[in-house]
Amino acid sequence: MKLCINRAILFIVFLLVLLPYPVQAEHEALSVEIEGGKAEVTLLEGKAFLEKKDIAKTQDIYKGDYLVSGDRVSTDKQSRIELKLPDESFIRFDEETTFELASVNFDEKTKNRDINVNMALGKTWANVSKILGRKGRFAVATRTAVAGVRGTVYRINVNKDNSVVVKVYWGEIDVSAPSKVSHVEPPKKVMKPSTVAGPHPVPGPHPVSMEEWTYIVRALQQIVIRPDGTALKPEGFDLAKDDLIEWVRWNKRLDAGIRK
206 MKLCINRAIL
216 FIVFLLVLLP
226 YPVQAEHEAL
236 SVEIEGGKAE
246 VTLLEGKAFL
256 EKKDIAKTQD
266 IYKGDYLVSG
276 DRVSTDKQSR
286 IELKLPDESF
296 IRFDEETTFE
306 LASVNFDEKT
316 KNRDINVNMA
326 LGKTWANVSK
336 ILGRKGRFAV
346 ATRTAVAGVR
356 GTVYRINVNK
366 DNSVVVKVYW
376 GEIDVSAPSK
386 VSHVEPPKKV
396 MKPSTVAGPH
406 PVPGPHPVSM
416 EEWTYIVRAL
426 QQIVIRPDGT
436 ALKPEGFDLA
446 KDDLIEWVRW
456 NKRLDAGIRK
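If you read the sequence shown in the working numbering, its first letter stands for residue 206, the second for the next number, and so on.
Written as structure tokens, this is what we have:
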């Protein structure tokens with residue numbers, strides 16, 4: 206009898222030791238499922254290259270790969286790439302384009318998104334999913350402008366001279382100057398002493414913030430940002446003429462497939 210009791214006690218202890226492991230494993234699997242900080246490569250024509258943080262060597266990108274915040278991507282000549290973002294938005298990049306995924310975060314439960322893409326050079330087309338409540342942020346930034354969007358379809362060209370063209374096909378976007386704390390002119394070269402006419406007021410540092418200019422660009426409108434960061438007022442564009450561009454037609458065909 207005593208032997209049976211001892212065996213029963215050992216069996217209970219054995220169960221108590223094992224029980225925490227399946228519970229822990231279940232939580233680990235759940236944390237992987239709700240992770241929303243990845244963008245899937247859903248289409249790749251030609252070649253694209255990945256630069257990861259703290260890794261000097263570039264890597265080839267393949268369809269089905271996943272990109273995360275901090276990844277920097279460049280497309281080769283005659284190459285294009287499409288990414289599916291965690292909020293069900295799609296963003297595409299044309300040949301010879303360089304961009305960085307600054308943040309790719311989406312909370313499936315609250316529908317809050319924090320998606321930011323930095324464009325260095327090239328062309329992009331975004332089909333942004335419409336989320337009820339307009340929670341969070343979806344923005345594409347260049348050196349001279351930031352386009353903050355909700356549910357819309359638009360494209361951006363970043364030219365070699367840092368000028369930017371933004372065209373909206375559906376919905377509307379807010380385009381503004383990049384946020385800066387202040388702008389102070391560098392000290393001028395020291396000259397030889399000369400006669401001074403008299404005291405005069407000297408302007409102090411001039412704050413430059415996104416309030417400098419902000420425009421709402423609506424459907425079938427475009428905005429042009431000059432290389433120096435100044436912007437022209439939004440104006441309409443010729444849709445028929447725009448449709449002659451192969452890059453535009455290619456994206457519209459893919460967008461039609463998304464809606465089906």
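The beta-carbon is built from N, C-alpha and C at its ideal position, and this holds for glycine as well.
This structure is a prediction, so every number in the text was calculated from the model and none was measured.
- Message: For T315, count the other beta carbons within 10 Å of its own beta carbon; 16 or more makes it buried, fewer makes it exposed. Which is it?
- Response: exposed
- Message: Suppose the cutoff is 8 Å on Cβ atoms and the five residues either side in sequence are ignored; what does the same chain contact list for A436 look like?
- Response: A350, V380, A382, W418, Y420, I428, V429, I430
- Message: Taking the alpha carbon of W452 as the reference point, which residue from A424, T357, E250 has its own alpha carbon closest?
- Response: E250
- Query: Does the region 290 to 304 touch the region 257 to 269, meaning 3 or more C-beta pairs lie closer than 8 Å?
  - Reply: no
- Query: Just the Cα atoms here: how many angstroms apart are K252 and N332?
  - Reply: 22 Å
- Going by beta carbon distance, what residues of the same chain come within less than 7 Å of W375, once the five residues before and after it are set aside? T357, V358, A424
- Query: What do you reckon, are the CB atoms on K243 and Y267 nearer than 7 Å?
  - Reply: no
- Going by C-alpha distance, which of P432, I286, A307, K438 is nearest V422? K438
- Sort R454, T347, V373, E377 by Cα distance to R355 and report the nearest one. E377
- On the three-state DSSP scale, how would you describe L459? helix
- Query: What three-state label does DSSP hand D281 in the structure shown?
  - Reply: coil
- Query: Relative to the alpha-carbon of R348, which residue among N367, R277, R360, L449 has its alpha-carbon at the smallest distance?
  - Reply: N367
- Using DSSP with H/G/I as helix, E/B as strand and the rest coil, what is K243? strand
- Message: Quick check on K446: does DSSP put it in helix, strand or coil?
- Response: helix
- Buried or exposed: which applies to K258, given that a residue is buried once 16 or more other Cβ atoms fall within 10 Å of its Cβ? exposed
- Task: Pull up the distance between the alpha-carbon of V370 and that of V363, whole angstroms please.
- Result: 7 Å
- Could you check what DSSP says for K417 in three-state terms: helix, strand or coil? Correcting the residue identity first, residue 417 is Glu in this sequence and not Lys. Helix at E417.
- Query: Among residues of its own chain, excluding the 5 on either side of I463, which ones have a beta-carbon nearer than 8 Å to its beta-carbon?
  - Reply: F295, N332
- Query: Is R277 near E256, with beta carbons less than 7 Å apart?
  - Reply: yes
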